[in-house]
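Step one of this worksheet: look at the structure below.
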Amino acid sequence: MFPGAAASPRPVSIAHTEHAMKFNDLFGGLVFLALSGLVAAASWSLPNPSEQPLGPSAFPLILSGLLALCAAILAVNGARATQAGPLVGLADWARSASALARLLLVPAAVIFYMLFAETLGFLICATLILIVLFLAGGTRPLQAIGLSLAAALVIHSIFYLALGVQLPWGPLEPLRW
Numbered sequence: 004m005f006p007g008a009a010a011s012p013r014p015v016s017i018a019h020t021e022h023a024m025k026f027n028d029l030f031g032g033l034v035f036l037a038l039s040g041l042v043a044a045a046s047w048s049l050p051n052p053s054e055q056p057l058g059p060s061a062f063p064l065i066l067s068g069l070l071a072l073c074a075a076i077l078a079v080n081g082a083r084a085t086q087a088g089p090l091v092g093l094a095d096w097a098r099s100a101s102a103l104a105r106l107l108l109v110p111a112a113v114i115f116y117m118l119f120a121e122t123l124g125f126l127i128c129a130t131l132i133l134i135v136l137f138l139a140g141g142t143r144p145l146q147a148i149g150l151s152l153a154a155a156l157v158i159h160s161i162f163y164l165a166l167g168v169q170l171p172w173g174p175l176e177p178l179r180w
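The number in my numbering is simply the position in the sequence shown, starting from 1, with 3 added.
Encoded structure:
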C-alpha cells in the first residue's frame with residue numbers, strides 16, 4: 004500500500020448464493036474433454052513436411068493431453084458432487100420469461116444479420132438490431148434510435164475507412180463514400 008493511501012474496502016462478491024447460476028463441474032469437464040479431443044484430432048492432420056520426429060503436431064497434442072487430464076479431473080469431481088446438490092442451479096433472473104426472451108434476442112440478432120446483411124446492408128441491419136436491443140434493455144425510443152444510428156455509423160466507419168473491410172451496403176450503395 005502506498006503511504007497516505009486509504010485502505011481499500013473489503014471486496015464485495017456479486018455472486019450471492021441465492022442469485023448465482025451454478026453448473027456442476029461435470030458439465031465443464033465433459034465440454035473441455037470434448038474440446039481436447041477436437042484439438043487432438045486437428046493436430047494429427049497437421050502436415051510434417053520435414054518428417055521430424057517432433058513435428059508441428061507435437062505441441063498441440065501435448066496441450067490436448069493436458070487439457071484432457073484436467074477435464075477428466077474436473078468431470079470426476081463434478082460427478083462426485085452430484086450427490087451433494089443439483090446439476091444446475093438457476094439464478095433468479097433465469098426463471099423470468101422476459102429475461103430469457105431478452106437473452107434470446109442476441110442470437111436472434113446474429114441470425115437476422117446473417118440472413119439480411121447482403122440485402123439490407125450493414126448500416127440498416129446494425130441500426131435495426133441495435134434499436135431492438137436497446138429497447139429491450141429499457142432505453143427510451145428516441146435515445147435508442149439515436150444511439151443505434153451513431154453506433155452503426157461509427158462501427159461502419161472504423162471497418163470501412165480505418166481497417167479497409169468492405170461491409171455490405173445494400174440499398175445504400177449509391178451513398179457509398
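Note that CB positions come from ideal geometry on N, CA and C, so glycine has one too.
Mapping DSSP to helix, strand and coil, what is residue i?
i           : result
residue 173 : helix
residue 13  : Low per-residue confidence applies at residue 13: pLDDT is 49, beneath 50, and the placement is therefore not dependable enough to give any value.
residue 19  : Annotation note: pLDDT 47 at residue 19 (below 50); position unreliable, no value reported.
residue 5   : The predicted position of residue 5 is uncertain, since its pLDDT is 47 and thus under 50; no value can be drawn from it.
residue 77  : helix
residue 166 : coil
With distances taken from CA atoms, which of the options is nearest residue i?
i           : options          : result
residue 33  : 68, 164, 149, 79 : 79
residue 69  : 83, 38, 162      : 38
residue 66  : 85, 167, 52, 42  : 42
residue 31  : 106, 73, 167, 54 : 73
residue 179 : 126, 52, 141     : 126
With residue i and residue j assumed to form a contact (beta carbons below 8 angstroms), what rounded beta-carbon distance in angstroms separates them?
i           : j           : result
residue 124 : residue 174 : 7 angstroms
residue 128 : residue 120 : 5 angstroms
residue 136 : residue 108 : 6 angstroms
residue 27  : residue 71  : Not confirmed; about 19 angstroms, so no contact.
residue 63  : residue 48  : Between residue 48 and residue 63 the Cβ distance is about 11 angstroms, and since that is not below 8 angstroms, they are no contact.
CB residue i to CB residue j, shorter than 7 angstroms?
i           : j           : result
residue 122 : residue 152 : no
residue 134 : residue 147 : yes
residue 159 : residue 145 : no
residue 81  : residue 29  : yes
Hey, is residue i's beta-carbon within less than 7 angstroms of any beta-carbon in chain B?
i          : result
residue 49 : Judged by its chain identifiers, the structure shown contains no chain B, having just a single protein chain.
Open item on the list: Check whether the stretch 47 to 64 and the stretch 95 to 115 touch, using three or more Cβ-Cβ pairs below 8 angstroms as the test.
Closed with: no
Open item on the list: Under 8 angstroms: do the stretch 105 to 118 and the stretch 69 to 84 share three or more Cβ pairs, one atom per stretch?
Closed with: Touching, no, given that fewer than three Cβ pairs across the two stretches are closer than 8 angstroms.
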